[in-house]
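Asker: Numbering (the UniProt record's numbering), first residue to last: 1 to 651.
Using N, Cα and C, we set each Cβ at its ideal position, and we do this for glycine too.
Sharing a structure here in structure tokens format.
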Amino acid sequence: MHPERVEPVLLSEAELRRRRDAQREFLREAEGWLHQLYGWVKQWGAMVLAADANGVILDGKGDPVFTKDASRVHLASGSDWSEPVKGTNAIGTALAEKRAVAVVGDEHYCKENWFLCCAASPVFAPDGSLAGVLDVSGYAGAYHPSVLTLVDLTAQAVEEALVRRRANRHLLLRLASDAPAWQAVVAVDPDGRIAWGTRGAYAGPLGRVAGRLWETVFAVPLDDVVRGSRHARVVVNGGDARDVWCEVLDDRRPRAVGISHPASLPATPESGRAEGERDAPPKDGGLAGASAPSSPPRRTGASGAARRVAWAARYTFDDLIGSDPAFLKALAVARKAARTDEPVLLLGETGTGKEMLAHAIHRASPRADGPFVPVNCGAIPDNLRESEWFGYEKGAFTGANPQGQPGKFELASGGTLFLDEIGDMPLEAQGVLLRVLQERQVVRLGGRAPIAVDVRIIAATHRDLWAEVKAGRFRADLFYRLQGVVITLPPLRQRSDRVELAERLLAGIAAERGLSSLSLTDAARSLIVAHPWPGNVRQLYAALRQAAWEAEQGWVDAGHFPEWVWRELASEGSVEAAAAAEGEGKGPQAGSFSAPLASVVQPALPLATLERDALLRALQAAGGNKRKAAELLGISRSTLYRKLRAFGFSI
């Protein structure tokens with residue numbers, strides 16, 4: 001393979017359909033999380049991708065400008081990005097090394113890919129095999145070190161969703177240890193054997209626990225854990241005094257095994273639901289004041305109770321917390337709208353809680369017993385649009401499910417169809433949607449008879465739809481049809497209850513981790529108020545989760561917040577606030593890995609001196625660890641090495 005002459009390997013449409021069908025469980029669980037991940041990274045003009053275990057891209061969503069540039073190097077659905085085909089690249093290398101990797105600029109083997117920065121993390125199936133890989137790609141100059149962390153956390157969330165999906169007659173437990181930081185979700189079978197789990201079940205401080213009997217790993221009987229509180233300390237066998245927190249997530253084992261099953265499991269931030277309900281991570285702002293979701297909805301059929309359970313809305317108005325007047329006004333309008341069958345249009349930035357509010361409206365409506373089916377309007381590929389919307393009959397096309405498959409409208413009939421990010425829907429698709437809304441019937445692909453559908457529409461977008469109409473990117477007739485009730489959710493930076501909301505979220509994190517309490521220092525409160533939070537509540541929640549790991553004696557300080565929070569604070573024009581917080585000892589100190597770059601580089605010096613000084617300070621702050629120094633500076637390791645050599649440093 002020559003770096004300047006690489007032949008692409010592209011799949012036919014039929015083969016791509018076959019691959020997608022073979023990976024439908026992985027794609028089904030990944031869809032919602034990819035959408036959530038895109039909400040985080042789209043500010044960098046990036047795209048998110050899902051590929052199978054062979055490196056073939058199956059699905060994706062991205063910034064239109066970057067997506068067009070990426071298509072020139074075939075970074076798109078149907079293209080093979082395995083290492084044998086593309087050389088070093090994030091997708092292929094993550095699969096080959098079975099770990100999260102970032103490949104930036106000229107770290108790519110193929111010269112045509114040097115304009116890219118890519119971060120990817122493998123997704124492991126419950127049996128420990130590779131299920132696929134998630135990737136974030138953007139322009140090399142826009143690389144941010146936090147992207148790798150985000151994509152790896154998203155991959156782990158998909159792994160947990162796959163474990164939950166497969167837990168039919170098993171006990172689901174979350175295991176966690178603070179020293180070293182580690183967690184895994186495991187499924188225990190009726191015989192007490194740890195059947196399988198997320199990646200932590202195959203490697204970690206306890207070694208491989210998958211496949212082992214509970215009592216050969218832990219000194220506390222499994223029955224005691226099930227009967228006890230949500231968090232019970234378990235001492236590891238083999239003379240290791242390490243404490244492991246055990247949390248019961250779900251128990252679906254038959255009662256004949258002699259375990260005293262609790263009548264109902266305690267409601268927890270990640271598992272507070274009745275048996276049989278399904279988790280659904282909000283694709284937009286699902287953290288408007290409640291806990292983190294665990295997995296997207298599942299599709300199990302098109303009719304009956306199974307359909308209602310598989311597509312159940314999980315959130316109610318009680319889960320939406322806050323005291324900000326604009327937020328409360330939006331909730332008041334939503335409560336009134338819930339009692340009607342009018343279409344609802346939810347407006348607001350990404351992360352403000354639009355999907356969570358859609359769940360609540362459905363749960364409070366006369367259709368509450370019906371399904372709640374979310375659709376990411378901008379993520380459905382053109383060649384699959386009709387089959388996704390309308391479904392297809394058996395034998396409709398090569399690679400189709402031999403039993404046929406219902407479309408989204410059929411699945412939502414009798415309930416609510418949530419059209420997420422409707423502003424991203426292509427014009428052609430808008431016409432198709434409008435026709436169904438007018439006729440209230442669909443015809444499956446390959447079928448002849450129309451099927452009546454009865455759905456209530458809730459749509460959401462972060463875009464100014466009227467501006468899109470005037471620009472010719474959104475149909476005016478569809479815009480007017482969606483204008484039944486319009487509700488706007490305020491961005492977090494405009495909410496007066498930011499600190500109150502942060503405290504409520506922190507209380508949930510403390511409960512989840514088995515801590516008595518977590519509190520914010522005055523400096524942390526000031527940081528929360530000063531920060532613009534472009535990712536809104538979702539971003540605040542992620543920052544709090546990371547900061548909570550560094551809390552000392554139950555206090556979360558400003559210096560505990562991740563480095564990207566400080567970088568963003570400075571880049572948004574709040575440099576003075578960041579500097580003031582540092583000067584008062586409220587922010588990160590020099591020598592801390594979370595120190596903002598502004599504290600590493602001194603102003604009013606020649607550029608070469610600034611660069612050399614920044615390298616030295618970053619290395620000092622990282623304790624000589626070049627990988628951490630590169631992350632602190634926001635550059636790749638190869639760039640760090642090149643600059644060190646240029647200044648005459650030995651490597």
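Go through its chain and collect everything with a Cβ distance to L619's Cβ below 6 angstroms, but skip five positions before and after it.
Answerer: Answer for L619: A629, listed in chain order.
Asker: From which residue to which residue does the beta strand (DSSP E) around F124 run?
Answerer: First-last of the beta strand (DSSP E) with F124: 116-124.
Asker: Can you list the beta strand (DSSP E) stretches of 3 or more residues lying completely in the stretch 438-466, in chain order?
Answerer: Whole beta strand (DSSP E) segments, 3+ residues: 456-461.
Asker: Under DSSP, the alpha helix (DSSP H) around N625 begins and ends at which residues?
Answerer: First-last for N625: undefined, no H or E at that position.
Asker: Does A263 pass the burial test, meaning 16 or more other C-beta atoms within 10 Å, or should it be called exposed?
Answerer: In this prediction, A263 has a pLDDT of 29, which is less than 50 and means its spatial position is unreliable; nothing more can be read from the coordinates.
Asker: Kindly give me the distance between the Cβ atoms of M47 and K68, rounded to whole angstroms, as I take these residues to be in contact under 8 angstroms.
Answerer: Actually they do not touch by this definition, with Cβ atoms about 10 angstroms apart.
Asker: Specify whether the stretch 503-514 and the stretch 454-470 touch according to this definition: at least 3 beta carbon pairs, one from each stretch, less than 8 angstroms apart.
Answerer: Cβ pair count under 8 angstroms is below three, so no.
Asker: So, using beta-carbon positions, are P371 and G391 closer together than 7 angstroms?
Answerer: No, they are not a contact pair.
Asker: If contacts are defined as beta-carbon pairs under 8 angstroms, then E159 and V123 qualify, I think. What distance do you get, rounded to the angstrom?
Answerer: The pair is a contact, with the Cβ atoms about 6 angstroms apart (cut-off 8 angstroms).
Asker: Do three or more CB pairs link the stretch 466-482 to the stretch 424-438 at distances below 8 angstroms?
Answerer: Result yes; three or more Cβ-Cβ pairs closer than 8 angstroms.
Asker: Evaluate V65 with the Cβ neighbour count: other Cβ atoms within 10 Å of its Cβ, from every protein chain shown; 16 or more gives buried, anything less gives exposed.
Answerer: Exposed, by the Cβ-count rule.
Asker: Using a Cβ distance threshold of 8 angstroms, determine whether the stretch 360-376 contacts the stretch 336-349, with at least three qualifying pairs required.
Answerer: Touching, yes.
Asker: Quick one: what does DSSP say T93 is sitting in, helix, strand or coil?
Answerer: T93 falls in the helix class under three-state DSSP.
Asker: Answer yes or no: do V486 and L345 have a C-beta to C-beta separation smaller than 7 angstroms?
Answerer: It is a contact, given that the beta carbons lie within the stated cut-off.
Asker: Do the CB positions of D324 and S496 come within less than 7 angstroms of each other?
Answerer: Going by C-beta atoms, D324 is nearer than 7 angstroms to S496.
Asker: In angstroms with no decimal places, state the Cα-to-Cα distance between R538 and A524.
Answerer: Looking at the two C-alpha atoms, the distance is approximately 17 angstroms.
Asker: For S146, which residues of its own chain have a beta-carbon under 6 angstroms away from its beta-carbon, when the five flanking residues on both sides are left out?
Answerer: Hits under 6 angstroms: W564.
Asker: Please report the straight-line C-alpha distance between T639 and P562, rounded to a whole angstrom.
Answerer: Using only the alpha carbons, I get a separation of about 23 angstroms.
Asker: Are the stretch 406-425 and the stretch 447-456 in contact at 8 angstroms, needing three or more beta carbon pairs?
Answerer: Touching, yes.
Asker: Since I believe V163 is in contact with G197 (beta carbons under 8 angstroms), could you give me their beta-carbon distance rounded to a whole number of angstroms?
Answerer: Their Cβ separation, rounded to whole angstroms, is 6 angstroms, which keeps G197 and V163 in contact under 8 angstroms.
Asker: Can you give, in chain order, each stretch of the beta strand (DSSP E) that sits fully within the stretch 477-565 and has at least 3 residues?
Answerer: Complete beta strand (DSSP E) runs here, min 3: 485-488.
Asker: To which residues does DSSP link T154 through a beta bridge?
Answerer: According to DSSP, which records beta bridges pairwise, T154 is partnered with nothing at all.
Asker: Pull the bridge partners of N54 from the DSSP assignment, please.
Answerer: Bridge partners of N54: none, in fact.
Asker: Can you give me the C-alpha to C-alpha distance between L34 and P343, rounded to a whole angstrom?
Answerer: Between L34 and P343, the C-alpha separation is close to 26 angstroms.
Asker: To which residues of the same chain is T350 closer than 8 angstroms at the C-beta, ignoring the five residues directly before and after it?
Answerer: Excluding sequence neighbours, T350 sits near G39, K42, D284, G285, H462, G535, N536, R538.
Asker: When the Cα of A646 is compared with those of E631, L615, A622, L130, which residue comes out closest?
Answerer: Among E631, L615, A622, L130, the Cα nearest to that of A646 is on L615.
Asker: Quick check on DSSP: helix, strand or coil for D63?
Answerer: In the structure shown, D63 sits in coil (DSSP, three-state: anything other than H, G, I, E or B).
Asker: Is it the case that the Cβ atoms of W44 and A142 are separated by a distance below 7 angstroms?
Answerer: Contact flag set, yes.
Asker: Run through the stretch 2-51 for me and flag every whole alpha helix (DSSP H) of 4 or more residues, listed as ranges in chain order.
Answerer: Qualifying alpha helix (DSSP H) stretches, in chain order: 13-22, 24-41.
Asker: Quick check on A90: buried or exposed, where buried means 16 or more other Cβ atoms within 10 Å of its Cβ?
Answerer: Buried is the call here.
Asker: Can you list, in chain order, the residues of its chain with a C-beta nearer than 7 angstroms to that of D52? Leave out the 5 residues immediately preceding and following it.
Answerer: Here the set comprises R19, Q23, L58, G132.
Asker: Where R5 and S12 are concerned, what is the direct C-alpha to C-alpha distance, given to the nearest angstrom?
Answerer: Taking the straight line from one Cα to the other gives about 22 angstroms.
Asker: Go through its chain and collect everything with a Cβ distance to L222's Cβ below 8 angstroms, but skip five positions before and after it.
Answerer: Here the set comprises L171, V188, G192, W214, E215, I259.
Asker: Could you have a look at A330 and say whether DSSP puts it in helix, strand or coil?
Answerer: Of the three classes helix, strand and coil, the one that applies to A330 here is helix, per DSSP.
Asker: Which runs of the beta strand (DSSP E) spanning at least 3 residues fall entirely within the stretch 331-396, listed in chain order?
Answerer: Listed in chain order, the complete beta strand (DSSP E) runs (minimum 3 residues) inside the stretch 331-396 are 344-347, 372-376.
Asker: Use the C-beta contact count for A476: other C-beta atoms within 10 angstroms, 16 or more gives buried, fewer gives exposed.
Answerer: Burial call: exposed.
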